[in-house]
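Asker: Going left to right, the sequence shown walks through residues 1 to 823 as UniProt numbering numbers them.
Glycine is no exception: its CB is placed at the ideal position from the N, C-alpha and C atoms.
Quick one: the structure is below, and I'll ask about it shortly.
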Amino acid sequence: MRKGETGQLRLLTGLVLLLAIGCLAWALAHLSPPSRTEIPYLVVALGLIAVGVGCSAPVRIRTETRLTSITAAVLIAALILPPAWVIVCTASAAAVTRAAFRRRSATWVHKALHNTGKDVLAAAAATGAVAIAGVHPAPTGTDLLREWTAYALALLLAAVAYTVVEEVLTGTTLSLATGRTWGQVTRTDWDVRAGINAASFLLAAGAIPLAVIDPWLMIVIPPALLVLYLVYMHRLHLRAERHTWEQLAAATDALNDVDLKGVLHTAAQGAVALFNARQAQVELWDAEPPRVVRAGAGKIVYDGPAADAPPPAALTASRVLGGRDGAAIGVLRLALPPAAGLSGREESTLRAYAASLTTAVHNARAYECLADQADRHARDARIDPLTGLANRRQLLDLIAAGQQPPTSGTTALALVDLNRFKEVNDTLGHALGDQLLVEVGGRLRAAATAAKAAVARLGGDEFAILLSNLPAPATALHRARRILDCLREPVGLAGMQVTVQASAGIALASPGMSAGELLRRADVAMYQAKRAGMAIVDYQQGRDTADHRRLSLGGELARAVAGGEFTVDFQPIVDLGSGEAVGAQALPRWRHPRHGDLPPELWRPLVERSDLFGAFTAGVLRQALAGLRQWRAAGFELALALNVSPHSLLDPTFSGLVLTELRAHRIEPAALVLELAETTSVGQLQTVGEVLAGLRAAGVRFALADFGTGHSSLAVVSEVPVHELKIDQTFVAAMRASAQAAAAVRSTVELGRSLGLDVVAEGVETAEQRRALWELGCTAGQGQLFGPPSGADELLAALRAGALAPPLHLGARVIAMRHRPTA
């Protein structure tokens, strides 16, 4: 109860007492000694009023209130006694009875005075109504028979007057105590009160004739009042029972919330309303820290740690909240007046409410757990678990968001792939490989944050850098380079300093471009950087050979490898002076069942990036060595040249495969020349030392193909123990028209001569080119002049037919390509 309401209730009590004292003073002033005939009536009236006050109905409204109804007793007294005696008897009987049945409560005196004053005012109103009706109290039998209509009207007016005063004062009192409107209070259980008032009226109407006949006959009235009281209580009990369970159902329904805070607040406020408590408190002992939620009249007065909670009101009823494993998780407490305990029905209600609250708390916590798991799963679905960076899914979302208006500026995406990462994993183990990825991710994130960019890990050793709101497209490459500079410093792993090398490709987004297309373009540029041995390459439309046909072919690789669609053609290598074949180069071909022969530039990158590359390499090697075995069996001691991808040299099992196949085909290793692409970077070659050393020790020879077209040609020659240099066909084609091309050919030939290496020219198509190369000192060549690539059988037939080209001079002889001993 709020302070304002308490003050208003006290003011009402004071007003009632003041009016009651006035009525009592008037009665005492007009009181005359009773006659002998009136004494029995006084005794009966006092007894009836005392019985009425004693038969009270308990109602708790945050404090205990006991509602009484002495209507029948007062109505009887109003018609058999003088008005003054009616008021005095009511005041004395009510006061004495309440004093006899006083309760141990701090507010008992206030309530007793208020209710006694209300009874006196109601009795005064009833006696006033009888006086207005003009009938004489204590009628004789003759009076009743002669004026029964007047007495009946007087009794009705007295009942109405009493009821009006009772309803007005009781309704106002309960309204102030509960905070409800007067109309809401008076409408509650109005039908029960109306029935009881009607029964009281009929009881009084039947009792008055008995009093006239013989006052002592009214001894039957108290039992009748008791029966009326029991009926009244039974009706109230049934009504209260139904109302309680309806309230309990509504209160437990309100607990069906998935928010724990909402459950606790609803439970505390619901307990206040359900049990008419001054306060209700829910404590959770297993929370961290223990939590208290306390509710007062219509609001939450505290929600926080139990240690900081202010002292509560006197908590007189409680119920422990049990856990699923039997351990208590908390308690529900109620603050009731000291003298107002819970009835048996209310104990059952509290038990049921606490059980529902326990279930609601468990459900809310389970929902919180599920929600946390869902959030964690959603976060995990967008975050790389190793590095904590965004993953591919979140990156695509960021790209799409960056393309939405009102975003301004240019968006660019850089894909970064670590070089030699497989070597780190194979050498140091996956744990240290993961440590390297975490370190790289941390460096990229720090550098990208400074540059207002986002970083993601796409999987394996591949990262992405998203640059947004760039002022101009030209700044993308510069900003990406600055971010990648963070990888220059070596990374410490297991006491070693590991240098991190990366290849990156960057692509610019254009209006309407999808996130997937931007990612594809950056991927294309990144693979161009890896093939060229460059740190970063920007995407150029002209260098993008990706199309739907290539995508379709990627899905057919497995069938092609398993079905033998990859075959090998051979192009002869000819001594430029004599025209005799001294070797052949194996050239893989894809003979597609629907598309026919496919150009290598269309499918070779697909094979190299797939997990079928090992099987492809093994198949090509077997077919090439089978052709060489066929020629040698026919008496032609040729050498076999075979292009080797850098991916094969990064495979530690490659050398074992080569040597196993050489033994299987009974071919000496010196007959095999493995051609390394000259565009392979020095950094890549440094990673394949063990593979090259093993093959070279076995006698396998090496050639450097496309010499002069790549980067740091002399550095490559110094790094790899090659036996042969191959002049790229672009120099051969341009050597007659370009002095620079002719100088490059001459320099290569002189370099080979000074290093003791064979020199082979590629793309020889005319006799003029053959003669010019021969005159420069080039010993061998291959090209259309000597025959197109063909199968092993076709080449064998050409060999049996004789020289593949006429000699350049009479008496020329064949000089076989040297099989140099290995160091």
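#1: Would you call the CB atoms of L81 and C89 closer than 8 angstroms?
#2: Roughly how many angstroms separate the alpha carbons of D728 and C486, rounded to a whole number?
#3: In this structure, does DSSP put R443 in helix, strand or coil?
#4: When you compare only the Cα positions, how much space is there between T68 and R193?
#5: Any idea if P588 is buried or exposed, counting beta-carbon neighbours within 10 angstroms, 16 or more meaning buried?
#6: Can you tell me where the beta strand (DSSP E) holding M513 begins and where it ends?
#7: If we call anything under 8 angstroms between Cβ atoms a contact, is I76 one with A204?
#8: Since L350 is in the beta strand (DSSP E), which residue starts that stretch and which ends it?
#9: In this structure, how does DSSP classify R66 when only helix, strand and coil are distinguished?
#10: With a threshold of 16 other CB atoms inside 10 Å of the CB of S468, please say whether the residue is buried or exposed.
#11: Count the CB pairs spanning the region 655 to 666 and the region 622 to 642 that are closer than 8 angstroms, and state whether there are at least three.
#12: Would you mind reading off the limits of the alpha helix (DSSP H) that contains P652?
#13: Near A112, what residues of its chain come up, given a Cβ to Cβ distance below 8 angstroms and the 5 sequence neighbours on each side ignored?
#14: On the criterion of 16 or more Cβ atoms from any shown chain inside 10 Å, does C369 qualify as buried, or is it exposed?
#15: Out of curiosity, what's the CA-to-CA distance linking A124 and A91?
#16: Do the CB positions of R701 and A670 come within less than 8 angstroms of each other?
#17: At the level of alpha carbons, what is the spacing between G14 and H114?
#18: Looking at the unbroken alpha helix (DSSP H) that takes in V749, where does it start and where does it end?
#19: Report the CB separation of L642 from L674 in whole angstroms; it is logged as a contact under 8 angstroms.
#20: In angstroms with no decimal places, state the Cα-to-Cα distance between P593 and E565.
#21: Taking DSSP's pairing of strands, which residues face M526 in a bridge?
#22: Going by beta carbon distance, what residues of the same chain come within less than 6 angstroms of L121, once the five residues before and after it are set aside?
#23: DSSP puts F566 in a beta bridge; with which residues?
#24: Output the residue ranges of the beta strand (DSSP E) runs that lie fully inside the region 405 to 477 and measure 3 residues or longer, sorted by chain position.
#25: Can you check whether the CB of A456 is closer than 8 angstroms to the CB of L389?
#26: Residues bridged to D597 by DSSP?
#27: Work out the CA separation of G699 and F731 for me, nearest whole Å.
#28: Strictly by DSSP, which residues pair up with Q279?
#29: Here's a check: name, in chain order, each residue in its chain whose Cβ is nearer than 6 angstroms to the Cβ of G505, leaving out the five neighbours to either side.
#30: Can you list, in chain order, the residues of its chain with a C-beta nearer than 7 angstroms to that of W190? Leave out the 5 residues immediately preceding and following it.
#31: From K261, D651, L676 and V53, pick the residue whose C-alpha is nearest to that of K422; which is it?
#32: Just tell me which of A805, L264 and A317 has its CA closest to the CA of I573.
#33: Going by the CB atoms, is the gap between A634 and L796 shorter than 8 angstroms?
#34: Do F570 and A586 have their C-beta atoms closer together than 8 angstroms?
#35: Just to confirm before moving on: does the CB-CB distance between N256 and A360 stay below 8 angstroms?
#36: Tell me where the beta strand (DSSP E) around residue 843 begins and ends.
Answerer: Reading it off the structure:
#1: Yes, they are a contact pair.
#2: Between the alpha carbons of D728 and C486 lies a distance of about 37 angstroms.
#3: In the displayed model, R443 falls within a helix according to three-state DSSP.
#4: Below a pLDDT of 50, predicted positions are generally treated as unreliable, and T68, at 48, falls in that range; the measurement from the model is reported next regardless. Going by the C-alpha atoms only, they are around 11 angstroms apart.
#5: Label assigned to P588: buried.
#6: The continuous stretches of beta strand (DSSP E) do not include M513, and DSSP gives it neither H nor E.
#7: In terms of Cβ geometry, I76 and A204 form a close pair [threshold 8 angstroms].
#8: First-last for L350: G344 to D380, but that is the alpha helix (DSSP H), not the beta strand (DSSP E).
#9: The pLDDT assigned to R66 is 40, lower than 50, so where the model puts this residue is not dependable; a value taken from the coordinates is nonetheless given after this. In the structure shown, the three-state DSSP call for R66 is strand.
#10: Buried is the call here.
#11: Segment contact: the region 655 to 666 against the region 622 to 642, three or more CB-CB distances shorter than 8 angstroms; contact assigned.
#12: For P652, there is no enclosing alpha helix (DSSP H), as DSSP marks it with neither H nor E.
#13: Within the same chain, Cβ atoms closer than 8 angstroms to the Cβ of A112 are found at A95, R98, A99 and R102, the five residues on either side in sequence being excluded.
#14: By the neighbour-count rule (16 or more Cβ atoms within 10 Å), C369 is not buried but exposed.
#15: The straight-line gap separating the alpha-carbon atoms of A124 and A91 is approximately 10 angstroms.
#16: R701 is a Cβ neighbour of A670, given a cutoff of 8 angstroms.
#17: For G14 and H114, the distance between alpha carbons rounds to 8 angstroms.
#18: Where V749 is concerned, the enclosing alpha helix (DSSP H) stretches over A739 to L755.
#19: Right, the Cβ-Cβ distance comes to about 6 angstroms (below 8 angstroms), so this counts as a contact.
#20: So the alpha carbons of these two residues sit roughly 8 angstroms apart.
#21: Answer is none; M526 lacks a bridge partner.
#22: Within the same chain, and ignoring the five residues on either side of L121 in sequence, the residues whose Cβ sits closer than 6 angstroms to its Cβ are L19, A20 and V165.
#23: Paired residue(s): W590.
#24: Runs found: 410 to 419, 453 to 459 and 462 to 470.
#25: The answer is yes: Cβ separation under 8 angstroms.
#26: Residue pairing of D597 in beta bridges, as defined by DSSP: R591.
#27: Cα to Cα, F731 sits roughly 30 angstroms from G699.
#28: Residue pairing by DSSP places Q279 opposite A335 in a beta bridge.
#29: When the five nearest sequence neighbours on each side are left out, the beta carbons in the same chain lying within less than 6 angstroms of the beta carbon of G505 are those of L415, A522, A525, M526, A529 and V537, in order along the chain.
#30: Excluding residues within five positions, none has a Cβ falling inside 7 angstroms.
#31: Minimum Cα-Cα distance from K422 among the listed residues K261, D651, L676 and V53 corresponds to D651.
#32: The residue with the shortest Cα to Cα distance from I573 is A805.
#33: With respect to the 8 angstroms criterion, L796 and A634 are classified as neighbours on the basis of their beta carbons.
#34: Contact check for F570 against A586 passes: the beta carbons are separated by less than 8 angstroms.
#35: The beta carbons of N256 and A360 sit closer together than 8 angstroms.
#36: Missing from the structure shown is residue 843; the chain here goes from 1 to 823 and no further.
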